[in-house]
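**Q** Taking the numbering used here, the leading residue of the sequence shown gets 134, the next gets one more, and so forth. First the structure, then my questions, so here it is.
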Amino acid sequence: MFGKFKVMAVAAAPFLLVACGSSDENYLVEACIKDGQSESVCECTADIMTEALSPDQIEMMATMSKLQADDGLTEQEAQAKMMEEYNMMELMALGMATIEPAMRASQECN
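What follows is the structure, encoded as structure tokens:
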């Protein structure tokens, strides 16, 4: 239902794909739309994620989208770059933190 957010929640580890009223949130919404979801679903999902996660975690999520959108990296290349830029514990914490809001979004944003 919510594309990249769902994958992050399921992965709950370093392979995220990986949002407050900022350009970071815009990147997440755009990535979700590119993944085939409606704008309203993507905005709802991003709102839930930004409420639940810290600004640093939102920045990490947006970084993945930026690497793909701005730098033209494939998903795998972006994941490798994320592994270089963030330590494993940060990525695992982000993956774990996204599970509950991603599940909530799947119920509330349909």
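For each residue, glycine too, the CB sits at the ideal point set by N, CA and C. Since this is a predicted model, take the numbers as computed values, not measurements.
(1) Determine the direct distance from the alpha carbon of Ile-181 to that of Arg-237, and round the result to whole angstroms.
(2) Going residue by residue through the region 153-226, where are the continuous alpha helix (DSSP H) segments of at least 4 residues, counting only ones entirely within it?
(3) Using a Cβ-Cβ cutoff of less than 6 Å, which residues in the same chain neighbour Cys-175 once the five nearest sequence positions on both sides are dropped?
(4) Write down the C-beta distance between Ala-195 and Tyr-160 rounded to the nearest angstrom, noting that I regard them as a contact closer than 8 Å.
(5) Given this structure, state the Cα-to-Cα distance separating Met-197 from Asn-243, to the nearest angstrom.
(6) Are Glu-233 and Ala-185 close, meaning C-beta to C-beta below 9 Å?
(7) Tell me the rounded alpha-carbon separation between Ala-211 and Leu-200.
(8) For Gln-240, which residues from the same chain have a beta carbon less than 7 Å from its beta carbon, with the 5 sequence-adjacent residues on both sides left out?
**A** In this structure, then:
(1) In the sequence shown, residue 237 corresponds to position 104, counting from 1. In the sequence shown, residue 181 corresponds to position 48, counting from 1. Whole-angstrom Cα-Cα distance: 8 Å.
(2) 156-167, 172-185, 188-202, 208-218
(3) The residue labelled residue 175 in the question sits at position 42 within the sequence shown. Same-chain partners within the cutoff: Val-162, Cys-165, Ile-166.
(4) Position 62 of the sequence shown, counting from 1, holds the residue named residue 195. Position 27 of the sequence shown, counting from 1, holds the residue named residue 160. The pair is a contact, with the Cβ atoms about 4 Å apart (cut-off 8 Å).
(5) Taking the first residue of the sequence shown as 1, we reach residue 197 at position 64. Taking the first residue of the sequence shown as 1, we reach residue 243 at position 110. Approximately 24 Å between the Cα atoms of the pair.
(6) Taking the sequence shown and counting its residues from 1, one reaches residue 233 at position 100. Taking the sequence shown and counting its residues from 1, one reaches residue 185 at position 52. In contact: Glu-233 and Ala-185 (Cβ atoms closer than 9 Å).
(7) If you number the sequence shown from 1, residue 211 lands on position 78. If you number the sequence shown from 1, residue 200 lands on position 67. Looking at the two C-alpha atoms, the distance is approximately 6 Å.
(8) For this step, residue 240 is matched to residue 107 along the sequence shown. So the list is empty, once near-sequence residues are dropped.
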